[in-house]
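Residue numbers (our numbering), protein chains in the order written: chain A, 1 to 134; chain B, 135 to 268.
Some notes on the structure that comes next.
Number of protein chains: 2
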Amino acid sequence: MEFTQTLRDQELKVTPQRLALLEEIEHAGHIDVDALYAILKMSFPAISLATVYKNVSQMYELKILEVIKVPDRKLQYEIAKAPHIHLACDQCGNVLDMNKCIDELMFSAESESGFKLNHSAVVLNGLCPSCQSA
Amino acid sequence: MEFTQTLRDQELKVTPQRLALLEEIEHAGHIDVDALYAILKMSFPAISLATVYKNVSQMYELKILEVIKVPDRKLQYEIAKAPHIHLACDQCGNVLDMNKCIDELMFSAESESGFKLNHSAVVLNGLCPSCQSA
DNA sequence: AACTTAAATAATAATTTTTATTATTTAGTT
DNA sequence: AACTAAATAATAAAAATTATTATTTAAGTT
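What follows is the structure, given as structure tokens:
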């Protein structure tokens, strides 16, 4: 598994729970702690909610995970990757990643403000193409 | 007061607590519930934390307030205004509003993704100019 | 392959954050 | 001034998160 290496790189022990957690986050794209717990319980009936919280926070600190806040939803975790834009549809609830536009934004914002940026959290809300026509 | 009208427009009764709450949020720029409560207690020693929560949520639903999530901080409330970018300095903790760049971003993101956008939450982190030189 | 040890887990308690309930007070109207 | 619906304060309840601890397990070492 690819995540085995991710964990080793951060000197975290490779446990079945951690691998499943990462795989599920990757599969879901964006997911909150509760939903994650519910899903993991299917493979690990004895898993503790505290374990999910602990791991998720830990991996967030180690930058294995990122977190975004979509209005009116709980914090959503995702696998950390290159900075990107989150498009959240208010109708169907989907959250889409978009890699375009973000570099231009960061660049313009830096030169405009004089900030030296190292992190972005961009969440745009609206209706996705299919929900517009529906 | 300008906020008197804001409240009337939304058919909320104009109470001293509400006016103070709005004025304090405006004055702070961005503030979380706890800090807000602590400050309001100075003018209203008997104010209830539940009142702060209630009003803040209520005004958020009525779009009088907006909320942003800066990494590792509690939810920050601000007076709703035109969409803008939040620049958060990791050193001094300040959150700055920037009105440039956001329109271009929304426009590009819409045409790129096909979404019809109606809301943005952009938080960029880094070092502000003065913290860079310090 | 068994042994060792530090770390991870599950279970649980404790804490923190947020929301609900209710009696009292108050803003806005008549 | 009186009325009424809404807001507040106080409090309880619920939900979310973190801490504690005994047990289990991953990963290195013999």
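Just so you know, even glycine gets a beta-carbon here, dropped at the ideal spot from N, CA and C.
Alpha-carbon to alpha-carbon, P45 of chain A and C223 of chain B: 42 Å
In chain A, which residues lie with their C-beta within 9 Å of the C-beta of G163 of chain B? Here the premise fails: no neighbours, minimum Cβ distance about 15 Å.
Within 10 angstroms of its Cβ, does Q130 of chain A collect 16 or more other Cβ (buried), or is it exposed? Note that residue 130 of chain A corresponds to Ser in the displayed sequence, not to Gln. Flag for S130 of chain A reads exposed.
Residue interval of the beta strand (DSSP E) (run including D97 of chain A): 95 to 98
Find the nearest neighbour of N125 of chain A within the set A:H27, A:R73, A:L12, judged by alpha-carbon distance. A:R73
Apart from the five residues on each side of it in sequence, which residues of its chain come closer than 8 Å, Cβ to Cβ, to I181 of chain B? Q151, Y171, L174, K175
Looking at N233 of chain B: is its Cβ nearer than 9 Å to the Cβ of H220 of chain B? no
What first and last residue would you give for the beta strand (DSSP E) that runs through A222 of chain B? 219 to 223
What in chain A is Cβ-close to Q266 of chain B, meaning under 9 Å? G114, F115, K116
DSSP has Y211 of chain B in a bridge; who is on the other side? B:I165, B:V201
Looking at the unbroken beta strand (DSSP E) that takes in S182 of chain B, where does it start and where does it end? Taken as a continuous stretch (DSSP letters only), S182 of chain B belongs to no beta strand (DSSP E), as it is neither H nor E.
Take L12 of chain A as the anchor and find which of A:D34, A:S43, A:I64 has the nearest alpha-carbon. A:I64
Could you compute how far the alpha carbon of L156 of chain B sits from the alpha carbon of A216 of chain B? 17 Å
Kindly give me the distance between the Cβ atoms of Q5 of chain A and L62 of chain A, rounded to whole angstroms, as I take these residues to be in contact under 8 Å. About 14 Å; that fails the 8 Å criterion.
Less than 8 Å between C-beta atoms, sequence neighbours within five positions excluded: which residues of the same chain meet that for I213 of chain B? L156, I159, E160, I198, L199, E200
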